[in-house]
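*Asks:*
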Ligand SMILES: Nc1ncnc2c1ncn2[C@@H]1O[C@H](COP(=O)(O)OP(=O)(O)OP(=O)(O)O)[C@@H](O)[C@H]1O
Ligand SMILES: [Mg+2]
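Protein chains in written order, with the numbering used here: chain Y, 3 to 416; chain H, 275 to 507.
#1: Looking only at its own chain, which residues have a Cβ that is under 8 Å from the Cβ of residue 345/Y, when we skip the five neighbours before and after it?
#2: With distances taken Cα to Cα, identify the nearest neighbour of residue 152/Y among 287/Y, 51/Y, 376/Y.
#3: I need the boundaries of the alpha helix (DSSP H) containing residue 434/H, first residue and last residue.
#4: Applying the 10 Å Cβ sphere with the 16-neighbour rule, what's the burial state of residue 285/H?
#5: Tell me the residue span of the beta strand (DSSP E) that contains residue 194/Y.
#6: Does the region 388–398 of chain H come close enough to the region 440–451 of chain H to have 3 or more Cβ pairs within less than 8 Å?
#7: Just by C-beta distance, which residues in the region 363–380 of chain H are closer than 9 Å to chain Y?
#8: Comparing the C-beta of residue 454/H with each C-beta of chain A, is any distance below 9 Å?
#9: With residue 243/Y and residue 61/Y assumed to form a contact (beta carbons below 8 Å), what rounded beta-carbon distance in angstroms separates them?
#10: Can you tell me where the alpha helix (DSSP H) holding residue 502/H begins and where it ends?
#11: Do residue 333/H and residue 322/H have their C-beta atoms within less than 9 Å of each other?
#12: Is any beta-carbon of chain Y found at less than 9 Å from that of residue 360/H?
#13: Just mark residue 391/Y as buried or exposed, buried being the case when its beta carbon has 16 or more other beta carbons within 10 Å.
#14: Against chain H, which members of the region 310–324 of chain Y pass a CB distance test of less than 8 Å?
#15: So which residues of chain H does residue 12/Y contact, with C-beta pairs closer than 7 Å?
#16: Where do the ends of the alpha helix (DSSP H) carrying residue 251/Y lie?
#17: When the distance is taken between beta carbons, is residue 293/H closer than 9 Å to residue 511/H?
#18: So which residues on chain Y does residue 503/H lean against when the C-beta distance must stay under 8 Å?
#19: Assuming the contact rule is C-beta atoms closer than 8 Å, residue 179/Y and residue 127/Y should be a hit. Round their C-beta distance to whole Å, please.
#20: Would you tell me roughly how many angstroms separate the C-alpha atoms of residue 171/Y and residue 238/Y, rounded to the nearest one?
#21: Under 8 Å: does the beta carbon of residue 332/H sit that close to some heavy atom of ligand 1?
#22: In or out: residue 63/Y buried (at least 16 other Cβ within 10 Å) or exposed?
#23: Give the DSSP-derived three-state secondary structure of residue 59/Y in the structure shown.
#24: With a threshold of 8 Å, establish whether the CB of residue 453/H neighbours any heavy atom of ligand 2.
#25: Interface residues of chain H around residue 411/Y at Cβ under 9 Å?
#26: What's the gap between the Cα of residue 264/Y and the Cα of residue 28/Y?
#27: Is there at least one non-hydrogen atom of ligand 1 closer than 8 Å to the beta-carbon of residue 342/H?
#28: Which same chain residues end up closer than 6 Å to residue 410/Y when comparing Cβ atoms and leaving out the 5 residues on each side of it in sequence?
#29: Determine the chain H residues that contact residue 5/Y at a beta-carbon separation under 8 Å, and present them in chain order.
#30: Determine, using beta carbons only, whether residue 95/Y and residue 225/Y come nearer to each other than 9 Å.
#31: Under the three-state reduction of DSSP, which class applies to residue 448/H: helix, strand or coil?
#32: To the nearest angstrom, how far is it from the Cα of residue 255/Y to the Cα of residue 336/Y?
#33: Given this structure, state the Cα-to-Cα distance separating residue 219/Y from residue 161/Y, to the nearest angstrom.
#34: Going by DSSP, what residues sit across from residue 215/Y in a beta bridge?
#35: Quick check: is the beta carbon of residue 304/Y nearer than 9 Å to any beta carbon in chain H?
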């Protein structure tokens, strides 16, 4: 052990009680920071997983059409023109999905492509009628861009795959229509009424989807909606969904179709989660702030009490830097202990919280508190504590180093 | 005026010239040292004597580079120290000077042994085991061989003073400055400490400068410098 560290240890042990305040604030600061980040980002990550599982990473829809308008102004031959801003017009739907699919095959990041035909229909059971959205899909294609396979809560996907009159209903829709697997119902669209059978029931946890979305096999959907060609949109999954905005921009340039990354689609919820996590981070950082103040106070006290020792050390050849280090070491020791215990506390409480029942349905589905066990949360928590405490320690440490041994010995140090 | 030539051929381990020191502020300002000149050779023991308040401690702090003179020059090992940087003076303190304070300060949270090892650990010239062995030897030679693991707070005033003497000797400094090192000691221990200091001065060629109110001790030194009102008389 370096002499400075050794001295720091002894100075600290002589002031245990004062240090305890700072230490416990560091422990609380680090621990609670970890817990709040674990829960807020736990919910955020779960939400993202849910929406990626339901809607994929990118939706390609609506053709872009540049409408460049320019207008000449001024007299004949005056030689200046005003270019109006380039305008863009959207044309709904995709007229050549297979051509697009072909182009998309060249994008390395794309891990799944599903062409979807969407239309509004009325669902009619013996019990009542409601308006729902039909999604015409090719099942195996769609399984690559969503978690549909995991979302099945009743029935079998194979029944859907093998029967043209099979349909997949959301949990809430099935409940409202009082339909079970195997039951039949009718869909009414474009002046026709057709009979279908419930092959399976799925649940994404997203209320809006589970209430209104009904899957049919593509050929059946085309025939029901009377749309023999084209598609409403193409859903993409990416190997790295985080990169969706970049990929989307690139896709727009190449395909001349509007490409919407999931981040845009779910902007408001994502902003809510971000705000929550920042809020709780700031709240919890108050502990670290107090830890810094307590450390400042304790060190300032030790400096006052140990002026004689500082003079002795200086008389023995300890430099000003040594004195600074002795006091900074004290902060480091408390920080290390605080961070270790705080991290352990954070991990422990995170585990406890993850076992707390918390049924949520609507934006996603869970029975328990969702936590994220991300090492970065620990790093962030500790970094905040280190910055606060070290900054607070700098002042007393430098003051200690500035003391003149002669002044101390004569008793005139100030 | 001394020429640089004279400085480098000087065989004194410690020398000062025309030291002035004022203490206090404004009306309270006192001219404590009024032009003190002094030099010390290796292997010699010097006694500075004089009435209380005449400036003995003040002089020792200047010679020990713990304080800066308002005027005058100090050389340690022929090196001019009075206008050198804080870092240089600190290094010189660690390597060439052993200081025994009048109010024998020990580091209270540390044992006698650790106190004695503290300057050695800073200098870092010995391996750790050798430091421990040397600290043990030094404590034994001041009669504290049995109390090496006592904390500063668990030692009597006289015992603390002897630990402070052992600590001042730890790095075998060329210069030992001791402000009343026997002030709190009984006859037996005064003699022990004084004999140790003189023996080391002779054996290792160290210069010992001590302040004392004890005429017997003063008489046994190689040289006695009486001081009055901030000047040697
Ligand atoms: N901070 C100060 N301000 C003003 N005067 C001071 C201050 N410190 C010391 N003095 C004065 O300086 C003079 C010398 O003090 P110093 O401690 O050197 O005396 P001393 O010879 O060591 O005395 P003693 O034998 O009692 O230890 C004293 O008259 C003292 O009053
Ligand atoms: Mg004195």
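Just so it is clear, CB atoms sit at the ideal spot from N, CA and C, and this is done for glycine as well.
*Replies:* Here's the rundown:
#1: Translated into the one-based positions of the first chain, residue 345/Y becomes position 343. Cβ neighbours of residue 345/Y beyond the five flanking positions: 32, 33, 36, 380, 383, 384.
#2: Residue numbering aside, residue 152/Y sits at position 150 when the first chain is read from its first letter. Per the Cα distances, 51/Y.
#3: Taking the second chain and counting its residues from 1, the one referred to as residue 434/H is at position 160. It spans 431–443 - the alpha helix (DSSP H) in which residue 434/H sits, taken as one unbroken run.
#4: Sequence index remark: in the second chain, residue 285/H carries index 11 (1-based). Per the 10 Å Cβ criterion, exposed.
#5: Taking the first chain and counting its residues from 1, one reaches residue 194/Y at position 192. From DSSP, the beta strand (DSSP E) with residue 194/Y extends over 194–204.
#6: yes
#7: 364, 365, 366, 367, 368, 369, 371, 372, 373, 375, 376, 377, 379, 380
#8: Within the model displayed, chain A is absent; protein chains Y and H are what it includes.
#9: The residue given as residue 243/Y occupies position 241 in the first chain. The residue given as residue 61/Y occupies position 59 in the first chain. Between residue 61/Y and residue 243/Y the Cβ distance is about 13 Å, and since that is not below 8 Å, they are no contact.
#10: Here residue 502/H refers to the residue found at position 228 when the second chain is read from its first residue. Taken as a continuous stretch (DSSP letters only), residue 502/H belongs to no alpha helix (DSSP H), being part of the beta strand (DSSP E) at 497–502.
#11: Taking the second chain and counting its residues from 1, the one referred to as residue 333/H is at position 59. Taking the second chain and counting its residues from 1, the one referred to as residue 322/H is at position 48. Yes, the pair counts as a contact, with Cβ atoms nearer than the cut-off.
#12: The sequence position of residue 360/H within the second chain is 86, counting from 1. Interface residue, yes.
#13: By one-based count along the first chain, residue 391/Y stands at place 389. Classification for residue 391/Y: buried.
#14: 310, 311, 313, 314, 315, 316, 317, 318, 319, 320, 321, 322, 324
#15: As a first step, residue 12/Y must be located in the first chain, where it is residue number 10. Per Cβ cutoff of 7 Å: 383, 384.
#16: For this step, residue 251/Y is matched to residue 249 along the first chain. Run containing residue 251/Y: 246–257, per the alpha helix (DSSP H) assignment.
#17: The displayed coordinates of chain H run from 275 to 507. Any statement about residue 511/H would go beyond what the structure contains.
#18: Start at 1 with the first residue of the second chain, and residue 503/H comes out as number 229. Under the 8 Å cutoff, chain Y gives no residues; its nearest Cβ is about 18 Å from residue 503/H.
#19: As a position in the first chain, residue 179/Y is number 177, starting the count at 1. As a position in the first chain, residue 127/Y is number 125, starting the count at 1. Between residue 127/Y and residue 179/Y the Cβ distance is about 5 Å, and since that is below 8 Å, they are a contact.
#20: In the first chain, residue 171/Y corresponds to position 169, counting from 1. In the first chain, residue 238/Y corresponds to position 236, counting from 1. Rounded to whole angstroms, residue 171/Y to residue 238/Y spans 22 Å at the Cα level.
#21: One-based indexing of the second chain puts residue 332/H at position 58. Indeed, a heavy atom of ligand 1 lies less than 8 Å from the Cβ.
#22: For the purposes of this step, residue 63/Y is identified with residue 61 of the first chain, where counting begins at 1. Its Cβ being crowded by 16 or more others within 10 Å, residue 63/Y is buried.
#23: Stepping through the first chain from its first residue, residue 59/Y is reached at position 57. Reduced to three states, the DSSP call for residue 59/Y is coil.
#24: Your numbering for residue 453/H matches position 179 in the second chain. For ligand 2, at least one heavy atom lies less than 8 Å from the Cβ of residue 453/H.
#25: Counted from its first residue, the first chain places residue 411/Y at position 409. Under the 9 Å cutoff, chain H gives 331, 335, 340, 341, 375, 376, 377, 379.
#26: Position 262 of the first chain, counted from the start, is the residue given in the question as residue 264/Y. Position 26 of the first chain, counted from the start, is the residue given in the question as residue 28/Y. Distance between the alpha carbons of residue 264/Y and residue 28/Y: 38 Å.
#27: Residue numbering aside, residue 342/H sits at position 68 when the second chain is read from its first letter. No, since every heavy atom of ligand 1 falls outside the 8 Å radius drawn around the Cβ of residue 342/H.
#28: To locate residue 410/Y, count along the first chain from 1; it is residue 408. Taken in chain order, the residues that qualify are 309, 313.
#29: In the first chain, counting from the first residue as 1, residue 5/Y sits at position 3. Within 8 Å Cβ-Cβ: 392, 395, 396.
#30: Position 93 of the first chain holds residue 95/Y. Position 223 of the first chain holds residue 225/Y. Taking 9 Å as the Cβ cut-off, residue 95/Y and residue 225/Y do not qualify as a contacting pair.
#31: Residue numbering aside, residue 448/H sits at position 174 when the second chain is read from its first letter. DSSP places residue 448/H in coil when its eight states are reduced to three.
#32: As a working note, residue 255/Y is residue 253 in the first chain. As a working note, residue 336/Y is residue 334 in the first chain. When rounded, the distance between both Cα atoms is 55 Å.
#33: On the first chain, residue 219/Y is found 217 positions in, with the first residue counted as 1. On the first chain, residue 161/Y is found 159 positions in, with the first residue counted as 1. Whole-angstrom Cα-Cα distance: 11 Å.
#34: Residue numbering aside, residue 215/Y sits at position 213 when the first chain is read from its first letter. DSSP, once it has assigned bridges, lists 135/Y as partnering residue 215/Y.
#35: Walking along the first chain from the start, residue 304/Y turns up at place 302. No, its Cβ sits nowhere closer than 9 Å to a Cβ of chain H.
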